[in-house]
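One structure is given here, and the rest of the page talks about it.
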Amino acid sequence: MATVDEIRREIELPHRPDRVWQAITDPTQVAQWFGDHVSYELTPGAPMHMAWDKFGEVSGRIEVVEPTSRFAFRWRATGVPESEPMTARNSTLVTYYLDAIPAGTRLIVSETGFATLPEALRIAALRENNHGWDVELAEFLAYMKGGPA
């Protein structure tokens, strides 16, 4: 039986790619819909930190910055201590892909790397992150519509 390696979501937004790009990369805007506290510099290799008032915190690293087309970061899997160096065996890669479409922007969110996690981490990360992306993207859509996130 194959191991699931990706969580993927796709949404279409009635906004230009530059507007969507700002909403997914500007830490101040990301804090409006994703983490309650978000900090990073938009530079490959830069450290990142996200915290949720109700759910804890996670650190990671910015991996890819291709303005208005692709943004990626790597973050630790649930339960991995901050003191442990981040590797492919204890983290996943989140990539946002933006494509201009006639109606605005198609946004694809892909989180990969679950197959390389040890089984206990993989099961927890898949369960939590699969649900988490549904919640976070609903908040993102509300934010983009100008409502409460």
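In this note's numbering, the protein residues as written are 15 to 163.
All C-beta atoms in this analysis are idealised placements derived from N, C-alpha and C, irrespective of residue type, glycine included.
In this text, all values refer to a predicted model and were calculated from it rather than measured experimentally.
ask   = Can you tell me whether Ala12 is buried or exposed, with buried defined as 16 or more other CB within 10 angstroms of its CB?
value = No statement about residue 12 is possible, as the shown extent of the chain runs from 15 to 163 and does not include it.
key: Residue range of the beta strand (DSSP E) that includes Ala114   = Here residue 114 corresponds to residue number 100 of the sequence shown, with the count starting at 1. For Ala114, the enclosing beta strand (DSSP E) begins and ends at 105 to 115.
inquiry  = Report the CB separation of Leu166 from Gly93 in whole angstroms; it is logged as a contact under 8 Å.
reply    = Not covered by the structure: residue 166. The range shown for the chain is 15 to 163.
request  = Out of Ile115, Pro95, Val72, state which residue places its alpha-carbon closest to the alpha-carbon of Asp32.
outcome  = Stepping through the sequence shown from its first residue, residue 32 is reached at position 18. Of the listed residues, the one whose Cα sits closest to Asp32 is Ile115.
ask   = What whole-angstrom Cβ distance do Arg88 and Glu77 have, given they're in contact under 8 Å?
value = One-based indexing of the sequence shown puts residue 88 at position 74. One-based indexing of the sequence shown puts residue 77 at position 63. With a contact defined as Cβ atoms closer than 8 Å, Arg88 and Glu77 qualify at about 5 Å.
task = Tell whether a beta-carbon distance below 7 Å holds between Ile21 and Asn104.
result = Here residue 21 refers to the residue found at position 7 of the sequence shown. Here residue 104 refers to the residue found at position 90 of the sequence shown. In this structure, Ile21 lies away from Asn104, with their beta-carbon atoms at least 7 Å apart.
message = Please classify Val193 as buried or exposed, where buried requires at least 16 neighbouring CB atoms within 10 angstroms.
response = The structure shown does not extend to residue 193, since the chain spans only 15 to 163, so no value can be given for it.
query = What number of angstroms, rounded off, separates the C-alpha of Val149 from the C-alpha of Asp50?
reply = Numbered from 1 along the sequence shown, position 135 holds the residue referred to as residue 149. Numbered from 1 along the sequence shown, position 36 holds the residue referred to as residue 50. A direct Cα-to-Cα measurement between Val149 and Asp50 gives close to 14 Å.
query = Rounded to the nearest angstrom, how far is the Cβ of Glu125 from that of Leu112, given a contact under 8 Å?
reply = Indexing the sequence shown from 1 puts residue 125 at position 111. Indexing the sequence shown from 1 puts residue 112 at position 98. Contact between Glu125 and Leu112 is absent: CB atoms are separated by about 16 Å, not below the 8 Å threshold.
key: CB contact flag (Pro28, Gly160, <7 Å)   = On the sequence shown, residue 28 is found 14 positions in, with the first residue counted as 1. On the sequence shown, residue 160 is found 146 positions in, with the first residue counted as 1. At a Cβ-Cβ threshold of 7 Å, Pro28 and Gly160 do not count as neighbours.
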